[in-house]
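Novice: Take a look at this one; I'll ask things after.
And the structure:
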């Protein structure tokens with residue numbers, strides 16, 4: 001049913017005849033299709049009910065960043081979006097260095113977009129929360145209850161982690177908030193011929209300190225390649241701040257790892273202990 005709708009949309013809106021449609025959905029929040037026409041490939045994104053904000057975020061980022069490494073939006077409504085398809089494959093976590101250096105340079109371009117507020121990008125073009133404290137308050141309220149079934153995280157440890165988060169809240173700069181991808185994982189980074197081919201999927205775009213993006217990336221690649229990313233970024237960042245945001249990311253994803261990937265869960269707990277010293 002959706003494929004027939006897509007064929008009609010491409011004919012009416014882009015004057016393109018669809019040759020092939022391939023499902024590429026890898027998330028729960030939206031349906032993603034690769035649409036091939038006689039002339040080129042496109043990506044069709046159709047968020048599920050309640051997740052329409054992803055269309056706004058994708059369009060906001062792609063419209064603000066004019067780069068060959070960022071998808072170009074051809075058409076959108078509140079329900080779906082059509083953008084360019086970028087060729088490439090996901091990179092390995094430990095090579096090549098030239099690729100990760102280039103990635104750092106292009107992450108810097110994303111971070112040059114000045115924002116207001118903190119947290120998920122809203123339709124008013126601002127972060128969901130006005131202050132860092134409001135953001136942290138919500139992060140704790142939403143995520144700490146998820147640890148109740150994990151015996152190794154008792155009330156004493158959670159209390160310590162809460163204290164650690166608030167004591168280091170100055171890692172947020174109330175006057176400096178920037179555009180963040182917020183999901184810099186290999187699936188959202190494309191490589192071709194050992195070179196950067198694209199950064200995709202901005203449906204989780206956030207506003208906040210640039211170190212927050214690096215906190216997520218740190219969890220996904222080797223230390224050596226992470227150093228190359230920072231070199232390419234070309235701006236000196238405090239590792240202490242990055243480690244703080246690694247902790248925030250871990251507190252959001254640990255309960256999920258506990259359910260589906262115990263090996264990664266154990267590895268992540270060790271990292272949490274190292275950076276928060278609990």
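Numbering (the working numbering), first residue to last: 1 to 278. Even glycine gets a Cβ: it sits at the ideal position worked out from N, Cα and C. Note that this is a predicted model, so its numbers are computed, not measured.
So, with DSSP's three-state summary, where would you put residue 253?
Specialist: By 1-based counting over the chain shown, the position of residue 253 is 253. DSSP places residue 253 in helix when its eight states are reduced to three.
Novice: For residue 65, which of 111, 209, 223 has the nearest alpha-carbon?
Specialist: For the purposes of this step, residue 65 is taken as the residue at position 65 of the chain shown. Here the closest residue by C-alpha is 111.
Novice: In whole angstroms, what separates the C-alpha of residue 6 from that of residue 189?
Specialist: Position 6 of the chain shown, counted from the first residue, corresponds to residue 6. Position 189 of the chain shown, counted from the first residue, corresponds to residue 189. Computed Cα separation, rounded: 26 Å.
Novice: Could you name the residues of the same chain whose beta carbon sits closer than 8 Å to that of residue 310, not counting the 5 residues immediately before and after it, in chain order?
Specialist: Residue coverage of the chain in this structure runs from 1 to 278, which leaves residue 310 outside it and unanswerable.
Novice: Can you tell me which residues form a DSSP beta bridge with residue 42?
Specialist: Your numbering for residue 42 matches position 42 in the chain shown. As computed with DSSP, residue 42 is found in a beta bridge with 35, 84.
Novice: Would you call the CB atoms of residue 74 and residue 2 closer than 8 Å?
Specialist: Working through the chain shown from its first residue, we reach residue 74 at position 74. Working through the chain shown from its first residue, we reach residue 2 at position 2. The answer is no: Cβ separation not under 8 Å.
Novice: Is it the case that the Cβ atoms of residue 183 and residue 216 are separated by a distance below 8 Å?
Specialist: For the purposes of this step, residue 183 is taken as the residue at position 183 of the chain shown. For the purposes of this step, residue 216 is taken as the residue at position 216 of the chain shown. Yes, these two residues count as a Cβ contact at 8 Å.
Novice: Check residue 47 in the structure and name its three-state DSSP category.
Specialist: Numbered from its first residue, the chain shown carries residue 47 at position 47. Correct three-state label for residue 47: strand.
Novice: Assuming contact is defined by CB atoms lying nearer than 8 Å, are residue 278 and residue 243 in contact in what I supplied?
Specialist: In the chain shown, residue 278 corresponds to position 278, counting from 1. In the chain shown, residue 243 corresponds to position 243, counting from 1. No, the pair does not count as a contact, with Cβ atoms beyond the cut-off.
Novice: Quick check: the segment 82-101 against the segment 37-49, are at least 3 beta-carbon pairs closer than 8 Å?
Specialist: yes
Novice: Inspect the CB distances between the segment 114-125 and the segment 205-223 and report whether three or more fall short of 8 Å.
Specialist: yes
Novice: Look up residue 23 in the DSSP assignment and say whether it is helix, strand or coil.
Specialist: Locating residue 23 in the chain shown gives position 23, where the first residue counts as 1. Here residue 23 sits in strand by DSSP.
Novice: Is it true that the CB of residue 21 sits closer than 8 Å to the CB of residue 11?
Specialist: Taking the first residue of the chain shown as position 1, residue 11 is located at position 11. Taking the first residue of the chain shown as position 1, residue 21 is located at position 21. Cβ distance not < 8 Å, so residue 11 and residue 21 don't count as in contact.
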